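Asker:
Numbering (my numbering), first residue to last: 1 to 770.
This is the structure:
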């Protein structure tokens, strides 16, 4: 009888539109290559799912960002050798963490018969099924996931605003007259709103594609400058003092997650288009998880539009307040992404492994029972593989890539490559682990989809007694972390866009305060952030991807011009004290947990998302190679003069450089709605309109979106410094969402006697270390 009640409840729930971050997780789980994924025969109907190619493009887009331009600075902090090694290692850790995270989400959905688990639900389920002493933390961890995701993506949007504003100022100083970069940030508000009102992730794919193209073109132009007047290689420092490593890690973590005319304009435009992609997550979490459940049906859309507008304004204000791009990158990368991409996946993994015991293979965990969550999923508007690819590229390639040269400055070239690869591996493993855990929680709960917070709550309830006491709190923690993460990303995006457009504006017009640009960008973000469906964000992300990759290609020119001897750079290691900054940037740059889960959840063929040759791995591999190359070249070219965004190092009086900056900044601008989507979705679906009975839900969601833009704008105005913001968002939220929460979920899910941690309890040890 109880089973029938759960089945009916699940069916009623599936009749409603799944939240963004829940739909995102679905594709990741099916693409991971698990036994459950091979057994599923789910055919998702509708127009909102993404194809593998769309998913791949979005993964690339959410990976390439402004952080790439800061990678030379990261190498300055660490030394070229240490930066190279550290980048590779860090990227590997991030990738591994993402795989672990998504794998456990998939596992939890299969175990609890939930077709689609969100990050928060998976964490809650994993922790609630983990060690008993920690099960009471399942709900807090769930809320933490949402907070970190929202904070991270809001920070990314702030970085994008700063980058675009600085790029515009750069062009303005050349062609108009010098103006304060804050004015450019304020001017970005309206265009950002226009892109941020796109509510469907699939609709962002075109913008992500345009942003990717712009970034690639701009990157090649920058490479041209990097190879000009190259210093001698023996003058490069292989290792820098350890005190620089925090900056290196912050830059790299941010770069792995997102990117920053001709070169200036290109990058500014590309980042501009990326703004909506990052803000999409924040809106998705805030509106759908918290606000929408409390709103009436008629008001939901309006509220969402208002929330999107508010988030744009808030990110612009934050960018105006903290226009320092380098510090904002490190803040977002270190604070949010370290927890979302490393710590939380480890926690989920720990809880899942704990719940299973020690004799059962993790990848067989999802086979227990006959309930298949995938067969009970319902995606209204699926995204094609191509659309998912576009969105992935847009949500990963953002402002973070422009900060990777700074990250390599922090860590050194060799150390940066190793650490960046390690971080990438850990974060991706955490995502995979989280997906498996969320799917397993869905299977055990016999529901169509368990969100990240729901997975956290359930897993904690299944784990040791210490976890069971905090199971409810774990879900809330997941939501909080997810929201904080994507909120921080949105702020970072806004600041990034504002900084880049300010640079252009200062050159052509006149010097204007950066906070003014943040405010303008926040106003411009109101319109695009009103788009409530992720599918409709795909066109913006196609444009954003094209802009950002074209901007990168153009920027590459400057990176390859006048290259100094590489011996002048830190070949092996940078300053040890700068490593935390490197990790913050790296975490921020490599992964965007909320967007990655949201993309997978809306894919038409989510089983194509993970896998060894899935959309996620394909996009991340391309992103990682591009990041390493761009970070090394940027650091090699500019050395200790590497700016927080390498786009700021290229000439301001050349048309190619200006176009590149404008393209990248615009690409990040268009990514904001995608990042903020997660926050709105969490708020609406988890809290405000949890039961789907909210009156005027659309109106209230629009209001929430307006508020979100306003808050991110205010945050960008108050704290426009990108460096600390990147490090904070990356280290805090990503580490929780990608490492800690997935590890805790896995520990709890493996805790019951029917499951096992493996021989010598290696899974438990791995999750504890994560």
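Just so it is clear, CB atoms sit at the ideal spot from N, CA and C, and this is done for glycine as well. Just so we're clear, the structure is a prediction, and the values are computed from it rather than from any experiment.
Counting beta carbon pairs with one atom in the stretch 646-665 and one in the stretch 545-552, are three or more of them shorter than 8 Å?
Answerer: Yes, the stretch 545-552 touches the stretch 646-665.
Asker: Give the DSSP-derived three-state secondary structure of residue 17 in the structure shown.
Answerer: What you label residue 17 is simply residue 17 of the chain shown in a count that begins at 1. For residue 17, the predicted model reports a pLDDT of 43, less than 50, meaning its position is unreliable and no value from the coordinates is stated.
Asker: How should residue 281 be labelled, buried or exposed, when 16 other C-beta atoms within 10 angstroms of its C-beta is the threshold for buried?
Answerer: Looking up residue 281 in the chain shown gives position 281. Residue 281 should be labelled buried.
Asker: What do you get for residue 653, buried or exposed, if any count of 16 or more other CB atoms within 10 angstroms of its CB means buried?
Answerer: Position 653 of the chain shown holds residue 653. Taking every protein chain shown into account, the CB of residue 653 has fewer than 16 other CB atoms within 10 angstroms, so this residue is exposed.
Asker: Please state the DSSP three-state secondary structure of residue 569.
Answerer: As a first step, residue 569 is located in the chain shown; it is residue number 569 there, counting from the start. Strand, per DSSP.
Asker: Go ahead and label residue 661 buried or exposed: buried means 16 or more other beta carbons lie within 10 angstroms of its beta carbon, across all protein chains shown.
Answerer: Position 661 of the chain shown, counting from 1, holds the residue named residue 661. Residue 661 should be labelled buried.
Asker: What are the boundary residues of the alpha helix (DSSP H) that includes residue 677?
Answerer: Here residue 677 is taken as the residue at index 677 of the chain shown, counted from 1. Here the alpha helix (DSSP H) through residue 677 covers 655-682.
Asker: Tell me where the alpha helix (DSSP H) around residue 429 begins and ends.
Answerer: The residue given as residue 429 occupies position 429 in the chain shown. Bounds of the alpha helix (DSSP H) holding residue 429 are 413-445.
Asker: Could you name each continuous alpha helix (DSSP H) segment of 4 residues or more that falls completely within the stretch 82-125, going from the start of the chain to the end?
Answerer: Listed in chain order, there is nothing to give.
Asker: Looking at residue 678 and residue 777, is the spacing between their C-beta atoms short of 8 Å?
Answerer: With the chain represented from 1 up to 770, any question about residue 777 goes unanswered, as that position is not in the structure.
Asker: Sorted by chain position, which residues of the same chain lie with C-beta nearer than 6 Å to residue 191's C-beta, five sequence neighbours on each side aside?
Answerer: Counting from one through the chain shown, the residue named residue 191 turns up at place 191. Closer than 6 Å at Cβ, skipping near neighbours: 524.
Asker: Is residue 753 buried or exposed, if buried means 16 or more other CB atoms sit within 10 Å of its CB?
Answerer: Looking up residue 753 in the chain shown gives position 753. Answer is exposed; the Cβ neighbour count stays below 16.
Asker: Taking a contact to mean a Cβ-Cβ separation below 8 Å, would you say residue 757 touches residue 764 in this structure?
Answerer: Against the chain shown, residue 757 aligns to sequence position 757. Against the chain shown, residue 764 aligns to sequence position 764. Yes, Cβ-Cβ distance for residue 757 and residue 764 is below 8 Å.
Asker: According to DSSP, residue 200 sits in a beta bridge with which residue or residues?
Answerer: In the chain shown, the residue the question calls residue 200 occupies position 200. 534.
Asker: Looking only at its chain, what residues have a beta carbon closer than 6 Å to the beta carbon of residue 641, apart from the 5 residues adjacent to it on each side?
Answerer: Stepping through the chain shown from its first residue, residue 641 is reached at position 641. Excluding five sequence positions before and after residue 641, none of the CB atoms of its chain fall closer than 6 Å to its own CB.
Asker: Helix, strand or coil: how does DSSP classify residue 645 here?
Answerer: As a first step, residue 645 must be located in the chain shown, where it is residue number 645. In this structure, residue 645 counts as coil in the three-state DSSP scheme.
Asker: Around the Cβ of residue 771, are there at least 16 other Cβ atoms within 10 angstroms (buried) or fewer (exposed)?
Answerer: This structure leaves residue 771 out entirely; the chain is present only between 1 and 770.
Asker: Determine the DSSP secondary structure at residue 577, reduced to helix, strand or coil.
Answerer: Here residue 577 corresponds to residue number 577 of the chain shown, with the count starting at 1. Three-state DSSP puts residue 577 in a strand.
Asker: So, using beta-carbon positions, are residue 617 and residue 391 closer together than 8 Å?
Answerer: Walking along the chain shown from the start, residue 617 turns up at place 617. Walking along the chain shown from the start, residue 391 turns up at place 391. No, these two residues do not count as a Cβ contact at 8 Å.
Asker: In the DSSP output, what is residue 132 paired with across the bridge?
Answerer: Reading the chain shown from its first residue, position 132 is the one you call residue 132. 466, per the DSSP bridge assignment.
Asker: How many Å lie between residue 696 and residue 295 at the Cα?
Answerer: Along the chain shown, one-based indexing puts residue 696 at 696. Along the chain shown, one-based indexing puts residue 295 at 295. So the alpha carbons of these two residues sit roughly 5 Å apart.
Asker: List the whole-angstrom C-beta distance separating residue 517 from residue 274, where the pair is believed to meet the contact cut-off of C-beta under 8 Å.
Answerer: What you label residue 517 is simply residue 517 of the chain shown in a count that begins at 1. What you label residue 274 is simply residue 274 of the chain shown in a count that begins at 1. Not really, about 17 Å apart at Cβ, beyond 8 Å.
Asker: With DSSP collapsed to three states, give me the class of residue 766.
Answerer: As a first step, residue 766 is located in the chain shown; it is residue number 766 there, counting from the start. Correct three-state label for residue 766: helix.
Asker: Using the beta-carbon count (16 or more within 10 Å), is residue 700 buried or exposed?
Answerer: Working through the chain shown from its first residue, we reach residue 700 at position 700. Classification of residue 700: buried, given that the 10 Å Cβ count is 16 or more.
Asker: Any idea what DSSP makes of residue 584, helix, strand or coil?
Answerer: The sequence position of residue 584 within the chain shown is 584, counting from 1. Residue state, collapsed to three classes: helix.
Asker: Alpha carbon to alpha carbon, how far is residue 305 from residue 750? Give it in angstroms, no decimals.
Answerer: Here residue 750 refers to the residue found at position 750 when the chain shown is read from its first residue. Here residue 305 refers to the residue found at position 305 when the chain shown is read from its first residue. Near 42 Å, if we compare the C-alpha coordinates of residue 305 and residue 750.
Asker: Could you give the residue range of the alpha helix (DSSP H) that holds residue 617?
Answerer: Indexing the chain shown from 1 puts residue 617 at position 617. Note, residue 617: alpha helix (DSSP H), 615-638.
Asker: With three or more C-beta pairs closer than 8 Å as the rule, is the stretch 117-127 touching the stretch 463-482?
Answerer: yes
Asker: From this set, 132, 638, 557, 543, which residue's C-alpha is nearest residue 569's C-alpha?
Answerer: On the chain shown, position 569 is the one that residue 569 refers to. Of 132, 638, 557, 543, the residue nearest in Cα terms is 638.
Asker: Residue 181 lies in the alpha helix (DSSP H); which residues open and close that run?
Answerer: The count along the chain shown starts at 1 and reaches residue 181 at position 181. Residue 181 -> alpha helix (DSSP H) spans 181-187.
Asker: Can residue 526 and residue 706 be called in contact, C-beta distance under 8 Å?
Answerer: If you number the chain shown from 1, residue 526 lands on position 526. If you number the chain shown from 1, residue 706 lands on position 706. The answer is yes: Cβ separation under 8 Å.
Asker: So does the stretch 575-586 actually touch the stretch 505-514, counting three or more Cβ pairs closer than 8 Å?
Answerer: no
Asker: Give me the Cα-Cα distance between residue 552 and residue 740, rounded to the nearest whole angstrom.
Answerer: On the chain shown, position 552 is the one that residue 552 refers to. On the chain shown, position 740 is the one that residue 740 refers to. Distance between the alpha carbons of residue 552 and residue 740: 34 Å.
Asker: Check whether the Cβ atoms of residue 709 and residue 272 sit closer than 8 Å, and answer yes or no.
Answerer: For the purposes of this step, residue 709 is identified with residue 709 of the chain shown, where counting begins at 1. For the purposes of this step, residue 272 is identified with residue 272 of the chain shown, where counting begins at 1. No.
Asker: Please classify residue 625 as buried or exposed, where buried requires at least 16 neighbouring CB atoms within 10 angstroms.
Answerer: In the chain shown, residue 625 corresponds to position 625, counting from 1. Result: exposed.
Asker: Is it buried or exposed for residue 535, if we count other Cβ within 10 angstroms and need 16 for buried?
Answerer: Within the chain shown, residue 535 is the residue found at index 535, counting from 1. When all chains shown are included, residue 535 counts as buried.
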